[in-house]
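Accompanying notes for the structure given below.
Chains as they are written, first to last, in the working numbering: chain A, 1149 to 1489; chain B, -15 to 324.
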């Protein structure tokens, strides 16, 4: 008897509990089909939803552009050399030096491209540190409650009330960090407490849900419950905040390099601006060295614009109702139920 | 009342812990202030060919920084704090050879001036633009403003400062290129000096204005859109109230609370970002002194400036907690609110 055919008993006995029915065997999803569904659900559908929103489309393309610039671009574009062109060449004059040159005849375009990896490392370190600490502190505080909660939140409060930028300036002056990973981590000290507090309040509302209670009653350990039940629920929020953390780290690091608190080590947009300001007098005489400062400025504004747009649009991608509507493997009649996640 | 006392105690604890963390970092890190000064002096003496008396140099460094490297950190911290509270003695600046307190006190009014004006302008614009966007929700005006606000938000404030300084001050000469007052004018209540101050402050205030403006407007829009859907707003419209009254009394008043919190936090953020603004505009406020001190390892001055910034931040957040109830009675006082 076929599955679709209506039956008088409502079809309750269709599936045998003990699995002796060879029908059951046949209906198990083959691996290829399962892979297709997983691909559709986790990759293709989110991508389709993301693409349908102009913010994610533009932001995503922007982020991808910077990622390519930091990986492929560094490989394709040779590193800048002193005296490879005339000093203070204006942009768009000589197409072998498309963005002009600086005071030592180095191509601004080449320096710009070779600065990207340092910025990416900084942003990555900032994301990993701030989001990592926030997830750890926020989730444990929210789930455990009691004394653990009080202690962790007091620590977070102390960090929230410390003035962000002055503290970072003080720390930077003490440590004079050169490694982009350490710079990113120091700047992220300012970022995690707010995020931890928000995560905690989300976990507080989740901890009384049925599925958490069920997990607790069958005796799963705290790390398992937090890691496997709670983290996936707050993952969208965490991802959106990660983009915010990246923007903040890039903003602040460039500012610190520009005012000269951080020691120069590698090519970096902030370093370029500092040099253009100090040695090229780019602010008072933009006619000569303005391009040297302008292009890093544009690069920062561009990366933050892409990331902000992308994270704004990302909110939609994690909306389960929208995901279901755009999915190909979820049947029409189940699409409304998918919103109850 | 109990709540207020507890909250106040918490603010003080936070403040002291923050100071202690910074203080301890200074002491723990190798090559800290005392060692830097000792090394500096020894080098000076060697260059002059004088005999080097380590004991004497160490004593001098101790006098300069107020730090004796042999005292344990908690005791040294207690002594530092005691000097501040009992004698208002922050130590003496190594760079400027002046008591630190005097230096900072000269800079404070200027920093506060910049921040307060920047914040008031930014706050007003945030609310106005946010409510305006919500009122025209879904129209061309709304999406146009959304794009504009997003673009504004992705431009760092110092980028705006640099561009304004370069174009408005250096190229067109509309504003002075730096400093806080015209050097020629005599300080006091005369037109020339006051106009000069205003002109010097215009660009820094404008770039401060950008710090808090854009993010808040999007948030305000979302909050207002939610309020517009409420029944009482519809009934207010049906009662034939004027648009202005609805906008100010009903819409803004009911959606302002989270923005208000942001405003108080913004005070702290604005003073922080003031460091960068003051450096770019060579505006000699607390932030400018702090940076000069940090770069040249003038540790007593750095610590004192940090006291100033921490004090502002802790106070602002505490006041925000205390005044929720005044802004929106539905929030109640902190005592009745569940802490999340």
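Here a beta-carbon is modelled for each residue, glycine too, at the ideal position from N, C-alpha and C.
query	result
Checking contacts by CB at 9 Å: is residue 289 (chain B) closer than that to chain A?	yes
Starting from residue 1306 (chain A), find everything on chain B with Cβ-Cβ shorter than 7 Å and list it in chain order.	-2, 1, 2
If we ignore side chains and look at the alpha-carbon of each, how far apart do residue 1450 (chain A) and residue 1188 (chain A) end up?	31 Å
Quick one: grab the DSSP three-state call for residue 306 (chain B).	helix
Is there a Cβ of chain A sitting closer than 9 Å to that of residue -13 (chain B), yes or no?	no
If you measure from the beta carbon of residue 1248 (chain A) to each beta carbon in chain B, is any gap under 9 Å?	no
Counting only beta-carbon separations shorter than 9 Å, does residue 99 (chain B) have a partner in chain A?	no
Just reading off the alpha helix (DSSP H) that residue 1214 (chain A) is part of, what are its end residues?	1202 to 1216
Can you tell me the Cβ-Cβ gap for residue 288 (chain B) and residue 88 (chain B), rounded? I've got them flagged as a contact below 8 Å.	6 Å
To which residues of the same chain is residue 297 (chain B) closer than 7 Å at the C-beta, ignoring the five residues directly before and after it?	252
Against residue 1193 (chain A), what residues of chain B qualify as contacts under a CB-to-CB distance less than 7 Å, listed in chain order?	Chain B residues near residue 1193 (chain A): none, gap ~26 Å exceeds 7 Å.
Exposed or buried, residue 59 (chain B), counting other C-beta atoms within 10 Å across all chains shown (16 or more means buried)?	exposed
Is DSSP giving residue 269 (chain B) helix, strand or coil here?	coil
Going along the chain, which residues of its own chain have a beta-carbon closer than 7 Å to the beta-carbon of residue 152 (chain B), five neighbours each way excluded?	158, 159, 187
List, in order along the chain, the chain A residues whose C-beta lies closer than 8 Å to that of residue 274 (chain B)?	1314, 1317
Does the segment 1360 to 1377 of chain A come close enough to the segment 1331 to 1343 of chain A that 3 or more CB-CB pairs lie under 8 Å?	no
Could you check which residue in B:72, B:220, B:96 has the C-alpha nearest to that of residue 86 (chain B)?	B:72
Check the DSSP bridge columns for residue 1255 (chain A) and list the partner residues they point to.	A:1249
Answer with yes or no whether the minimum CB distance from residue 65 (chain B) to chain A is below 9 Å.	no
Counting pairs of Cβ atoms below 8 Å between the segment 1250 to 1270 of chain A and the segment 1310 to 1321 of chain A, do you hit three or more?	no
Can you pull the chain B residues whose beta carbon is under 8 Å from the beta carbon of residue 1409 (chain A), in chain order?	275, 278, 279
Say whether the segment 66 to 80 of chain B touches the segment 273 to 283 of chain B, bearing in mind that this needs 3 or more beta-carbon pairs closer than 8 Å, one atom from each stretch.	yes
Taking a Cβ distance cut-off of 8 Å, strictly less, list which residues of the segment 153 to 166 of chain B are near chain A, in chain order.	154, 155, 161
Could you check which residue in A:1217, A:1400, A:1236 has the C-alpha nearest to that of residue 1439 (chain A)?	A:1236
Determine the closest residue to residue 155 (chain B) out of A:1462, A:1433, A:1456, with distance taken between C-alpha atoms.	A:1433
Can you tell me whether residue 1226 (chain A) is helix, strand or coil according to DSSP?	coil
With 16 other CB atoms within 10 Å as the buried threshold, where does residue 94 (chain B) fall?	buried
How long is the line joining the alpha carbons of residue 1238 (chain A) and residue 106 (chain B), rounded to whole angstroms?	37 Å
Please name the residue in B:212, B:165, B:302 whose C-alpha comes closest to that of residue 237 (chain B).	B:212
Look at the alpha carbon of residue 234 (chain B) and the alpha carbon of residue 121 (chain B), and state the distance between them as a whole number of angstroms.	17 Å
Residue 1459 (chain A) touches chain B at which residues, Cβ-Cβ below 7 Å?	Result: empty, since nearest Cβ-Cβ is about 11 Å, beyond 7 Å.
Assuming residue 1378 (chain A) contacts residue 1287 (chain A) under a Cβ cut-off of 8 Å, what Cβ separation, rounded to an integer in Å, is found between them?	6 Å
Using a Cβ-Cβ distance under 9 Å, would residue 142 (chain B) count as near chain A?	yes
Between the Cα of residue 1389 (chain A) and the Cα atoms of A:1263, A:1444, A:1283, which residue gives the shortest distance?	A:1283
On the criterion of 16 or more Cβ atoms from any shown chain inside 10 Å, does residue -7 (chain B) qualify as buried, or is it exposed?	exposed
If you count every other CB in all the chains shown that lies within 10 Å of the CB of residue 1190 (chain A), and 16 or more means buried, which is it?	exposed
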